[in-house]
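First up is the structure itself, then whatever we jot down about it.
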Amino acid sequence: MARRTLQSKPKLPYLTDSHIEEEAALLLAEFGNKHGQVLAPPIPIDDIVDVYLRLRIEMNDLQNLFGVGDVHGALWVNQRRVEVDMSLDPEVFPAMRGRYHFTLAHEAGHWRLHRRLFQRKANQLSLLPEGAERPEYVCRSTDRNPIEIQANKFAAALLMPREMVKRAWHEQHGGMDPIYLDDLRAVHRQIQSSQLFQRFGCKPDDDKVTDEELLADASRPLADIFEVSPDAMRIRLEGMQFLLRKKEPTLF
95 MARRTLQSKP
105 KLPYLTDSHI
115 EEEAALLLAE
125 FGNKHGQVLA
135 PPIPIDDIVD
145 VYLRLRIEMN
155 DLQNLFGVGD
165 VHGALWVNQR
175 RVEVDMSLDP
185 EVFPAMRGRY
195 HFTLAHEAGH
205 WRLHRRLFQR
215 KANQLSLLPE
225 GAERPEYVCR
235 STDRNPIEIQ
245 ANKFAAALLM
255 PREMVKRAWH
265 EQHGGMDPIY
275 LDDLRAVHRQ
285 IQSSQLFQRF
295 GCKPDDDKVT
305 DEELLADASR
315 PLADIFEVSP
325 DAMRIRLEGM
335 QFLLRKKEPT
345 LF
């Protein structure tokens with residue numbers, strides 16, 4: 095007689111960044127084979143989620159539903175439903191279009207990478223009132239759990255495909271050289287000095303602008319092209335080493 099063994103709960107698989115990139119590229123290719131190749135940004139994430147993955151997209155007051163202020167989206171696996179918080183509705187708040195797109199891509203990442211691991215976690219159950227229909231994934235902007243980090247990486251790779259970003263960078267800057275934070279700060283200081291001197295005859299307080307603000311401003315042109323937020327594009331460009339915070343010393 096065969097010996098029966100207890101099955102343990104599935105664990106979150108370790109996925110390398112390259113594997114996540116490949117999964118995102120595969121999804122985009124599958125969509126292209128069926129609905130037309132996507133050759134340039136922005137990526138049609140609404141169609142990928144709704145038409146290809148057949149996940150129903152709805153807007154809802156998720157922050158009120160879950161009682162916390164940083165919920166952007168949720169995925170109901172069995173119901174094949176994605177809900178996005180109404181504060182990100184691009185029809186009402188056009189400035190939130192980038193965050194809306196990233197939220198959809200994030201939920202697509204959960205569907206693609208994690209839908210077989212949809213057992214509920216205790217910290218997610220506590221977000222919902224008793225008797226409520228519970229989603230398998232509740233996505234909060236402050237959540238740094240590994241499963242959320244994987245979904246974020248998938249979303250970045252899907253919305254900002256590596257080769258498209260390279261082409262866009264070359265078109266914007268005439269080459270593939272990176273831009274350094276020190277250079278951005280020097281240009282900012284020069285512009286501010288000129289403007290303030292012309293208006294008030296004084297020098298700027300350069301400490302008021304943060305590194306993240308400078309890098310986000312440098313990312314904005316490509317962010318507009320890809321229809322993502324400047325912060326999302328900043329993280330992608332830093333990951334691809336087009337934006338660098340420090341210059342490495344050289345021997346020459």
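Just so we're aligned, residue 95 is where the sequence shown starts under the numbering used here, counting upward by one.
The C-beta atom is built at its ideal place from N, Cα and C for all residues, glycine as well.
(1) What is the residue span of the alpha helix (DSSP H) that E185 lies within?
(2) Judging by CA-CA distance, which residue of R314, Y194 and W170 is the nearest neighbour of H57?
(3) In this structure, does DSSP put L169 in helix, strand or coil?
(4) First and last residue of the alpha helix (DSSP H) that includes V178?
(5) Per DSSP, what kind of secondary structure is I137 in: helix, strand or coil?
(6) Does the structure place the segment 161-181 close enough to the segment 193-204 that three or more beta carbon pairs sit under 8 Å?
(7) Thinking just about the alpha-carbon of each residue, which of G203, M327 and L278 is nearest to the one in E242?
(8) Along the chain, where does the alpha helix (DSSP H) containing N36 start, and where does it finish?
(9) Measuring alpha carbon to alpha carbon, tell me which residue in E117, L253 and M270 is nearest V132.
(10) Is it buried or exposed, L309, if we count other Cβ atoms within 10 angstroms and call 16 or more buried?
(11) If A312 and L278 are in contact, beta carbons under 8 Å, what's the gap, nearest whole angstrom?
(12) Given 8 Å as the limit, is there contact between the segment 268-275 and the segment 129-146, that is, 3 or more CB pairs closer than that?
(13) Can you give me the Cβ contacts of E307 inside the same chain, cut-off strictly under 8 Å, excluding the 5 residues immediately before and after it?
(14) Can you grab the Cα-Cα spacing for the pair L290 / R283, in whole Å?
Short version:
(1) Note, E185: premise wrong, no alpha helix (DSSP H); not H, not E.
(2) With the chain covering only 95 through 346, there is no way to say anything about residue 57.
(3) strand
(4) That residue, V178, is in no alpha helix (DSSP H); its beta strand (DSSP E) goes R175 to D179.
(5) coil
(6) yes
(7) G203
(8) An answer regarding residue 36 cannot be provided, because it is not within the stretch 95 to 346 covered by the chain.
(9) L253
(10) buried
(11) 6 Å
(12) no
(13) none
(14) Residue placement at L290 cannot be trusted, given a pLDDT of 42 that sits under 50; what the coordinates show is reported in the next sentence. Answer to the nearest angstrom: the Cα atoms are 10 Å apart.
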